[in-house]
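Colleague:
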Amino acid sequence: MDQLEVFKALSNKTRLQILQWLKEPEKYFPEQEHADFESVGVCVGQIQQKAGLTQSTVSEYLSMLQKSGLLESTRLGQWTYYKRNEAAFARLSVIIQSEI
1 MDQLEVFKAL
11 SNKTRLQILQ
21 WLKEPEKYFP
31 EQEHADFESV
41 GVCVGQIQQK
51 AGLTQSTVSE
61 YLSMLQKSGL
71 LESTRLGQWT
81 YYKRNEAAFA
91 RLSVIIQSEI
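Under the UniProt record's numbering, the residue at position 46 of the sequence shown is numbered 46, and the numbers go up by one with no gaps.
(1) With H, G and I counted as helix, E and B as strand and the rest as coil, what does DSSP make of SER56?
(2) If we count Cβ pairs, one from each stretch, closer than 8 angstroms, do we get three or more for the stretch 35–53 versus the stretch 87–95?
(3) I want to know whether the stretch 43–59 touches the stretch 70–85 - three or more CB-CB distances under 8 angstroms.
(4) Measure the C-alpha to C-alpha separation of GLN66 and LEU53 and round it to an integer number of angstroms.
(5) Tell me whether LEU70 sits in a helix, a strand or coil according to DSSP, three-state version.
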């Protein structure tokens with residue numbers, strides 16, 4: 001885990017908000033009917049709609065979160081779904097407690 005990449009990814013209010021939404025997707029994305037939250041996550045279109053930002057901005061944010069290891073993606077047909085990488089959050093917690 002590249003700590004610098006993780007903390008850069010966390011340094012934006014909207015990216016933090018996306019991570020919070022994906023922690024409880026059933027609460028924040030109840031209209032998603034096509035896929036299981038636990039197995040594939042939330043469709044990028046749903047995230048973009050909730051964020052109220054352009055598709056390119058949301059894609060850039062999701063890419064940064066994925067590159068840092070905090071998100072995982074699954075491609076189903078033409079759609080990409082994102083979910084939190086809970087193992088990465090557990091490692092981050094250990095790093096914060098032991099090293100920072």
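Ideal Cβ placement from N, Cα and C applies to all residues, glycine included. Since the structure is predicted, the reported quantities are computational estimates derived from the model, not experimental observations.
Modeller: Walking through what the data contain:
(1) helix
(2) no
(3) yes
(4) 18 angstroms
(5) coil
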